[in-house]
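K.L.:
Protein sequences appear in the order of chains L and H.
If you use this note's numbering, the first sequence corresponds to residues 3 to 345, in order.
If you use this note's numbering, the second sequence corresponds to residues 3 to 345, in order.
There are 2 protein chains.
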Amino acid sequence: MSAMSPPAEVPSMLPVAVDAMGGDRAPAEIVRGARQAAEELGIPVLLVGDPERMGDTGDLPVRPATEVIAMDEDPAQSVRRKKDSSLVRAAEAVRDGQASAMVSAGNTGAAMASALFRMGRLPGVARPAIATPIPVPGATPTVLLDAGANAECSATWLVQFAQMGSAFSRERYGLAEPRVGLLSIGEEETKGNSLVKETHALLAAGAAGPAVHFIGNVEGRDVMSDAVDVVVTDGFTGNVTLKALEGGLRFMVAAVLAALTGSPEVEAASAVILPALAPLAAELDPDTYGGAMLLGVDGVCIISHGSSSARAIVNAVRAARDAVEHDLVGQLRDAVTRIDQLG
Amino acid sequence: MSAMSPPAEVPSMLPVAVDAMGGDRAPAEIVRGARQAAEELGIPVLLVGDPERMGDTGDLPVRPATEVIAMDEDPAQSVRRKKDSSLVRAAEAVRDGQASAMVSAGNTGAAMASALFRMGRLPGVARPAIATPIPVPGATPTVLLDAGANAECSATWLVQFAQMGSAFSRERYGLAEPRVGLLSIGEEETKGNSLVKETHALLAAGAAGPAVHFIGNVEGRDVMSDAVDVVVTDGFTGNVTLKALEGGLRFMVAAVLAALTGSPEVEAASAVILPALAPLAAELDPDTYGGAMLLGVDGVCIISHGSSSARAIVNAVRAARDAVEHDLVGQLRDAVTRIDQLG
Chain L
3 MSAMSPPAEV
13 PSMLPVAVDA
23 MGGDRAPAEI
33 VRGARQAAEE
43 LGIPVLLVGD
53 PERMGDTGDL
63 PVRPATEVIA
73 MDEDPAQSVR
83 RKKDSSLVRA
93 AEAVRDGQAS
103 AMVSAGNTGA
113 AMASALFRMG
123 RLPGVARPAI
133 ATPIPVPGAT
143 PTVLLDAGAN
153 AECSATWLVQ
163 FAQMGSAFSR
173 ERYGLAEPRV
183 GLLSIGEEET
193 KGNSLVKETH
203 ALLAAGAAGP
213 AVHFIGNVEG
223 RDVMSDAVDV
233 VVTDGFTGNV
243 TLKALEGGLR
253 FMVAAVLAAL
263 TGSPEVEAAS
273 AVILPALAPL
283 AAELDPDTYG
293 GAMLLGVDGV
303 CIISHGSSSA
313 RAIVNAVRAA
323 RDAVEHDLVG
333 QLRDAVTRID
343 QLG
Chain H
3 MSAMSPPAEV
13 PSMLPVAVDA
23 MGGDRAPAEI
33 VRGARQAAEE
43 LGIPVLLVGD
53 PERMGDTGDL
63 PVRPATEVIA
73 MDEDPAQSVR
83 RKKDSSLVRA
93 AEAVRDGQAS
103 AMVSAGNTGA
113 AMASALFRMG
123 RLPGVARPAI
133 ATPIPVPGAT
143 PTVLLDAGAN
153 AECSATWLVQ
163 FAQMGSAFSR
173 ERYGLAEPRV
183 GLLSIGEEET
193 KGNSLVKETH
203 ALLAAGAAGP
213 AVHFIGNVEG
223 RDVMSDAVDV
233 VVTDGFTGNV
243 TLKALEGGLR
253 FMVAAVLAAL
263 TGSPEVEAAS
273 AVILPALAPL
283 AAELDPDTYG
293 GAMLLGVDGV
303 CIISHGSSSA
313 RAIVNAVRAA
323 RDAVEHDLVG
333 QLRDAVTRID
343 QLG
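#1: For residue 338/H versus residue 162/H, is the C-beta spacing smaller than 8 Å?
#2: Would a C-beta distance cut-off of 8 Å place residue 182/H and residue 267/L closer than the cut-off?
#3: What residues are listed by DSSP as bridge partners for residue 243/L?
#4: Could you give the C-beta distance for residue 89/H and residue 113/H, rounded to a whole number, given that I count them as a contact under 8 Å?
#5: Looking only at DSSP bridge pairs, what is residue 21/H linked to?
#6: Going by DSSP, which residues form a beta bridge with residue 134/L?
#7: Please classify residue 340/L: is it buried, with 16 or more other beta-carbons within 10 angstroms of its beta-carbon, or exposed?
#8: Identify, in the order they occur along the chain, each residue of the same chain with its Cβ nearer than 7 Å to the Cβ of residue 68/L, setting aside the five sequence neighbours on each side.
#9: Applying a beta-carbon distance threshold of less than 7 Å, which residues of chain H neighbour residue 224/L?
#10: Just to confirm, is the Cβ distance from residue 149/L to residue 132/L under 8 Å?
#11: Under DSSP, the alpha helix (DSSP H) around residue 109/H begins and ends at which residues?
#12: Using the beta-carbon of each residue, which ones in chain H are nearer than 7 Å to residue 254/L?
#13: If residue 151/L and residue 129/L are in contact, beta carbons under 8 Å, what's the gap, nearest whole angstrom?
#14: Could you name the residues of chain H that residue 243/L contacts, counting a contact when the two beta carbons are closer than 8 Å?
#15: List the residues of chain L that residue 258/H touches, going by C-beta distances under 8 Å, in chain order.
#16: Taking Cβ positions, are residue 15/H and residue 102/H nearer each other than 8 Å?
#17: Could you check which residue in 145/H, 258/H, 154/H and 279/H has the C-alpha nearest to that of residue 277/L?
#18: In chain order, what are the residue ranges of uninterrupted beta strand (DSSP E) at least 3 long that sit wholly in the segment 254 to 342 of chain H?
#19: Show which residues of chain L have a CB atom less than 7 Å away from the CB atom of residue 187/H.
#20: Considering only the beta carbon of each residue, do residue 230/L and residue 144/L sit closer than 8 Å?
#21: For residue 66/L, name the three-state secondary structure that DSSP assigns.
#22: Helix, strand or coil: how does DSSP classify residue 229/H here?
#23: State buried or exposed for residue 82/H, treating a residue as buried only when at least 16 other CB atoms are found within 10 Å of its CB.
#24: How close, in whole Å, do the beta carbons of residue 153/H and residue 345/H come, if the pair is a contact with beta carbons under 8 Å?
#25: Which residue wins for smallest C-alpha separation from residue 22/L, given the options 91/L, 120/L and 219/L?
#26: Could you work out which residues of chain L lie near residue 262/H, taking near to mean beta carbons separated by less than 7 Å?
#27: Applying the 10 Å Cβ sphere with the 16-neighbour rule, what's the burial state of residue 79/L?
#28: Report the partner residues of residue 219/L according to the DSSP bridge assignment.
#29: Quick one: grab the DSSP three-state call for residue 103/H.
#30: Give me, in chain order, the residues of the same chain whose beta-carbon lies closer than 6 Å to that of residue 232/H; leave out the 5 immediate sequence neighbours on both sides.
#31: Give a yes or no on whether the C-beta atoms belonging to residue 93/H and residue 120/H are separated by under 8 Å.
#32: To which residues of the same chain is residue 235/L closer than 6 Å at the C-beta, ignoring the five residues directly before and after it?
#33: Determine the extent of the alpha helix (DSSP H) in which residue 173/L is found, giving its start and end residues.
#34: I need the straight-line Cα distance from residue 30/H to residue 204/H, nearest angstrom please.
#35: Between residue 227/H and residue 138/H, is the Cβ-Cβ spacing less than 8 Å?
#36: For residue 213/L, which residues of its own chain have a beta-carbon under 8 Å away from its beta-carbon, when the five flanking residues on both sides are left out?
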């Protein structure tokens, strides 16, 4: 089923569990976003966190959790120790059938570890990967994966990332045949490091199966373009690329705004210009995208960025709902080939 | 000697050898840029290429070379086979004491191979690296290396890149103590892939020596910022990062310009705004930076980007002249520790 077709009937959807304590602006902005999602979109939400610190939660149900995993804590260690943390309890709510999905703007590594330890992996998946949508104004976002879950990868993992990324792009953006590219330093198959060359050979030989439309190597400049729909890479390169783009765009926006305050004449003209740029700014705003999704775990886990506003949480809850309604996890389960059957 | 101090006396500087046949716009734009550099900056230039195809070379001396290495040819193979190519002859001119430096906008891999095979490596250098200045409007450029010479690297090579990048930043931008960062996916020393962790341990233990001011790991978002002066990474990650930034900025500029043609009112305001943005655009234009430098070979080799205009060539020739006058190669020779003495 593609995102273009009507969603499956979910007469009484389980709530989306929102980690109220995760993120730089938690809990106030997170709770505000959760309430907006429930009120404006009619999506059932379960808040997970410390009731004494959450403020006014309105009509939302609360799953109490006394502990909080800080943004800079060691992921695996904190998840093991803080069994009553909001992150761990949110993942447990999905595992135990009390929630259909989890959303967190907290410690990314800990969110991954919580989802992995509590929900478990999908059958055959070697490693979950973070799929991050990169905005491409005027076109569907490019899905970059792995954006940081695995600093070191093998070629067969990357083949699975191609399978999962392709299914994700198909379901989330309604693309019939997403173009899957392998991130490298030249288009020729001889270009790249040994991991990329090995992965290229597997993908070119069809190891990912007929559902994956492999278009070959792509370069850094293609990530933020309409030349490719899914960019496959290891989590080190993916994270560096993502953050370089974020930093470059933020820098550029700041430099443009600084240049527009030079003189009264320029400032007057800016007042006319800036509204015309607003749609572009909205398209580039990470809050628009509802966060990244952890692909390969047995449940929906949406990871929103650390500085998430209420609006980012609304969009993350919406993305979680869409993933549940389209049975994205089921699609991913079907998309993945077991490692020992690859290549 | 720093770039702030007066240059060494070079009473009769040897000419800068310019590969007239390399680049998407060769030979016309290249010859035009070479002539401008000679006429406007008084820098002696030697054109290398096919006299029959170069057009009007003015008063410039020409070193004839009958062959041309195309942009997409295999680097090592083409350099071995095309012994009378403009690229190989330019590198030979430096080796043979007929030129003080070489400049090419041609096939980057072939330029590297020509320089490496003809000039040789500096003593103790394991691998040359491409050092690319990343524009940071309002601050000195960040030097990114390796930007693509070595797809696979060892930790000791990266330590040498830190030494060479630091010396380059000091000499070219006059920074007394350039801040050297290691590109990773988190600031903590435990973050990154195994190459980065091993390199971090070496640099933190002072393996690069007292001349290198190591500030720890930096992230993708720091590359285009004033948080760091030299970013050390392997050539795969460096090339992907560089091209992602280039692509993101180009995309952003195109999207902004498209948004500014929406209505007559907006277009009128744009006419006021665009001149205010011109200095920023110039700072971000790669033609401004005179190209990348291949560090670690026994001679000055400046690699300008493939789409170089005459202006890019003028700036590349200027960068070559500065490198010669400040004896940058001598500084690099002194900066490098032999691999077997590292760590």
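Glycine included, C-beta positions come from ideal geometry on N, C-alpha and C.
Everything numeric in this text was worked out from a predicted model, so none of it was measured.
P.N.:
By the coordinates alone:
#1: In terms of Cβ geometry, residue 338/H and residue 162/H form a close pair [threshold 8 Å].
#2: Cβ atoms of residue 182/H and residue 267/L: not closer than 8 Å.
#3: Paired residues: none, contrary to the question.
#4: Between the beta-carbon of residue 89/H and that of residue 113/H there is about 6 Å, and that keeps the pair under the 8 Å contact cut.
#5: Beta-bridge pairing links residue 21/H to 50/H.
#6: As a beta-bridge residue in DSSP terms, residue 134/L pairs with 146/L.
#7: Per the 10 Å Cβ criterion, exposed.
#8: Correct list, in chain order: 52 and 86.
#9: Those are 249, listed as they occur along chain H.
#10: Result yes, Cβ atoms of residue 149/L and residue 132/L sit closer than 8 Å.
#11: No alpha helix (DSSP H) holds residue 109/H; DSSP gives it neither H nor E.
#12: Neighbours of residue 254/L on chain H, chain order: 251 and 254.
#13: Contact between residue 151/L and residue 129/L holds: CB atoms are separated by about 7 Å, below the 8 Å threshold.
#14: Result: 222, 242, 243 and 246.
#15: Within chain L, 258, 279 and 282 have C-beta atoms less than 8 Å from the C-beta of residue 258/H, given in sequence order.
#16: For residue 15/H and residue 102/H, yes; Cβs fall inside 8 Å.
#17: Considering only alpha carbons, the answer is 258/H.
#18: Taking 3 residues as the minimum length, the beta strand (DSSP E) runs contained wholly in the segment 254 to 342 of chain H are 294 to 297 and 302 to 305, in order along the chain.
#19: Within 7 Å Cβ-Cβ: 150, 153, 238, 241 and 242.
#20: Residue 230/L places its beta carbon less than 8 Å from that of residue 144/L.
#21: In this structure, residue 66/L counts as strand in the three-state DSSP scheme.
#22: Residue 229/H: coil per DSSP, three-state reduction.
#23: So residue 82/H counts as exposed.
#24: About 23 Å; that fails the 8 Å criterion.
#25: Distances from the CA of residue 22/L to each of 91/L, 120/L and 219/L were compared; the closest alpha carbon is that of 91/L.
#26: Chain L residues near residue 262/H: 275 and 278.
#27: With fewer than 16 other Cβ atoms within 10 Å, it is exposed.
#28: DSSP, once it has assigned bridges, lists 184/L as partnering residue 219/L.
#29: Residue state for residue 103/H is assigned as strand, using DSSP reduced to three classes.
#30: Cβ neighbours of residue 232/H within its own chain (closer than 6 Å, five residues either side excluded): 145, 167, 168, 171, 180 and 182.
#31: Yes, Cβ-Cβ distance for residue 93/H and residue 120/H is below 8 Å.
#32: Once the five neighbours on either side are set aside, the close Cβ partners of residue 235/L are 185.
#33: Unbroken alpha helix (DSSP H) run through residue 173/L: 157 to 175.
#34: Approximately 47 Å between the Cα atoms of the pair.
#35: Taking 8 Å as the Cβ cut-off, residue 227/H and residue 138/H qualify as a contacting pair.
#36: Its chain contains 165, 168, 169 and 337 as the residues whose beta carbon lies nearer than 8 Å to that of residue 213/L, once the 5 sequence neighbours on both sides are disregarded; these appear in chain order.
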